[in-house]
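*Asks:* Below: one structure in structure tokens.
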Ligand SMILES: NC(=O)c1ccc[n+]([C@@H]2O[C@H](COP(=O)([O-])OP(=O)(O)OC[C@H]3O[C@@H](n4cnc5c(N)ncnc54)[C@H](OP(=O)(O)O)[C@@H]3O)[C@@H](O)[C@H]2O)c1
């Protein structure tokens with residue numbers, strides 16, 4: 001369904017500085033299959049029996065080995081080295097009728113990889129299980145039904161567990177066609193979309209508001225900064241080094257604060273005596289307490305994450321929560337959580353708009369391959385352990401991405 005020209009014009013006039021409305025009419029999510037089948041009438045047996053179609057696989061000369069490497073969680077722990085085993089002789093999986101086999105070229109590192117390896121996402125799941133939230137690569141084989149929309153050699157991205165592998169089977173319904181296999185697109189799949197949807201749905205951004213972004217130079221923080229600037233807000237960003245400070249300046253952050261060299265609470269109190277209107281908060285613990293204290297009257301704090309506690313047994317650092325109701329009441333302020341999994345109806349629209357902005361160079365999609373890390377660039381599945389360490393040392397600028405070089409010669 002599309003908005004009428006009249007209603008689109010109205011929306012544009014309301015939101016001249018609302019980046020999520022620019023050229024992006026919201027789209028209805030697909031109807032659920034149960035509804036679609038009802039609309040299609042009574043269930044009937046198809047005239048052509050497709051039950052054998054899973055045997056038709058299109059490889060088109062792709063050179064696919066019989067075995068591959070992948071990371072598997074074999075023990076629940078937040079310590080990836082304890083939790084995860086690199087398996088070297090796993091059979092390359094075969095796609096079913098509606099599936100793609102994707103050769104991963106780049107995979108994204110997320111702070112929550114260690115929550116996943118600790119079983120915090122689904123406590124009922126027992127090891128062994130696959131890990132890695134997101135990947136981008138080429139289709140190297142696909143089932144018959146999947147070939148209606150995809151073809152061998154096509155660049156695709158996806159968001160599903162099991163990306164930390166040389167090859168991943170992806171249901172074609174979940175695969176995201178992308179213009180090319182660029183690591184920049186990987187920065188958008190989780191990190192970019194999280195900033196986009198959370199600020200659009202919960203931020204109530206408008207011209208002149210003050211936005212504080214914590215971990216601002218990181219994977220998702222970089223987008224929260226830039227999208228808030230597009231909404232004509234004044235943006236403050238916390239970071240832990242001079243290099244990150246410089247990066248934040250380069251993407252338009254009005255007031256980066258290196259909390260290793262400046263006293264964050266004092267800077268906020270001195271420079272923003274009325275407080276900040278919106279906080280994009282992903283650190284937790286003391287940073288959360290400080291951010292609550294810095295809220296303006298009617299301020300809003302969006303909880304994106306609690307990274308400072310992920311390595312602990314409980315998963316969070318306790319703060320001074322007993323004071324929270326009184327602090328919020330005094331300022332008519334609010335605190336709200338945001339978890340991307342609950343906003344998938346917005347996903348396609350957000351990603352499409354982000355890719356467009358990235359293509360038009362309206363958005364910096366900073367990738368950190370770990371070139372500045374002690375052992376150099378993150379290449380191969382083995383380097384994922386180092387990449388996680390690098391993130392938890394607070395060293396990354398932008399989104400951490402690991403490159404997986406091809407292990408076989410291929411025509412692709
Ligand atoms: N809610 C959702 O759906 C959703 C989706 C994606 C991500 N997230 C959350 O967003 C946050 C950022 O995730 P990301 O993957 O984009 O990571 P990231 O921001 O690329 O990297 C983490 C950064 O956090 C900062 N940090 C502050 N205190 C830290 C500590 N004690 N230990 C480690 N890092 C610390 C560091 O930056 P400085 O040193 O500069 O402070 C570090 O570079 C996480 O909390 C994550 O869970 C949430």
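Residue numbers (full-length UniProt numbering): 1 to 412.
Here a beta-carbon is modelled for each residue, glycine too, at the ideal position from N, C-alpha and C.
#1: Confirm the yes/no value for this check: CB of residue 363, any heavy atom of ligand 1, distance under 7 Å.
#2: Among 229, 319, 368, whose alpha-carbon lies nearest the alpha-carbon of residue 362?
#3: Between 286, 366, 382, which lies nearest to residue 217 when the distance is taken from Cα to Cα?
#4: As an exercise, report each continuous beta strand (DSSP E) stretch of at least 3 residues that is fully enclosed by the region 167–191, in chain order.
#5: Who are the near neighbours of residue 396 in its chain, counting only those whose CB is closer than 7 Å to its CB and skipping five residues on each side?
#6: If you count every other CB in all the chains shown that lies within 10 Å of the CB of residue 329, and 16 or more means buried, which is it?
#7: Using DSSP's beta-bridge definition, name the partner residues of residue 210.
#8: Taking the alpha carbon of residue 73 as the reference point, which residue from 128, 59, 119 has its own alpha carbon closest?
#9: Would you tell me roughly how many angstroms separate the C-alpha atoms of residue 57 and residue 351, rounded to the nearest one?
#10: Which stretch, first to last residue, makes up the beta strand (DSSP E) that contains residue 108?
#11: Please state whether the Cβ-Cβ distance between residue 137 and residue 102 is less than 8 Å.
#12: Should residue 281 be labelled buried (16 or more other beta-carbon atoms within 10 Å of its own) or exposed?
#13: Any beta carbon of chain D sitting closer than 8 Å to that of residue 357?
#14: Are the beta-carbon atoms belonging to residue 225 and residue 248 less than 8 Å from one another?
#15: Do the region 189–199 and the region 146–153 touch if we need at least three Cβ pairs shorter than 8 Å?
#16: Under 7 Å Cβ to Cβ from residue 344, same chain only, skipping five residues before and after it: list those, please.
#17: Between the alpha carbons of residue 254 and residue 172, how many angstroms are there, rounded?
#18: For residue 94, verify whether its CB is less than 7 Å away from any heavy atom of ligand 3.
#19: Does DSSP put residue 270 in a helix, a strand or coil?
#20: Candidates 261, 358, 364: which alpha carbon is nearest residue 178's?
#21: By the 10 Å Cβ neighbour count, where 16 or more other Cβ atoms means buried, how is residue 63 classified, buried or exposed?
*Replies:* On the basis of the coordinates in this document:
#1: no
#2: 229
#3: 366
#4: 167–171
#5: 218, 368, 390
#6: exposed
#7: 234
#8: 128
#9: 30 Å
#10: 99–108
#11: yes
#12: buried
#13: Absence of chain D from the displayed structure is noted, only one protein chain being present.
#14: yes
#15: no
#16: none
#17: 42 Å
#18: Ligands in the displayed structure: ligand 1; ligand 3 is not one of them.
#19: helix
#20: 358
#21: exposed
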